[in-house]
Amino acid sequence: MDTMRIEHTVTTEGEILVRGLPLKRGDKVELIVLHHAKHLKSLNPNTVGQLRHSGVIGMWKDREDIADSAIYARRLRETAETRREPDASA
């Protein structure tokens with residue numbers, strides 16, 4: 359699949375008009391619209407000190423249902439990675 363990146367400013371409320379695409383009638387496309395909101399602040403990663411004090415590290419230590427947090431986390435990742443998208447034709 360060829361990918362094209364086009365940045366566009368919305369001039370009519372709720373509408374985007376894109377012309378000049380190298381496509382023919384009947385071509386199938388997938389359209390993904392990303393909103394470039396200027397008011398969103400850029401990613402600012404935490405320092406190690408901030409991460410240590412955030413409560414994220416060790417958050418599973420007192421859970422009785424999790425014997426080994428590394429194994430638990432690996433299973434969560436595997437479940438998420440193998441999750442299937444719903445079939446659109448169904």
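Residue numbering for the sequence shown follows the numbering used here, beginning at 359 and increasing consecutively.
Beta carbons are placed, not taken as given, at the ideal position from N, Cα and C, and that holds for glycine.
Under the three-state reduction of DSSP output, residue 437 falls in the helix class.
Taking the CA atoms as reference points, residue 437 sits about 14 Å from residue 428. Taken in chain order, the complete alpha helix (DSSP H) segments of 4 residues or longer contained in the segment 366 to 433 are 406 to 411.
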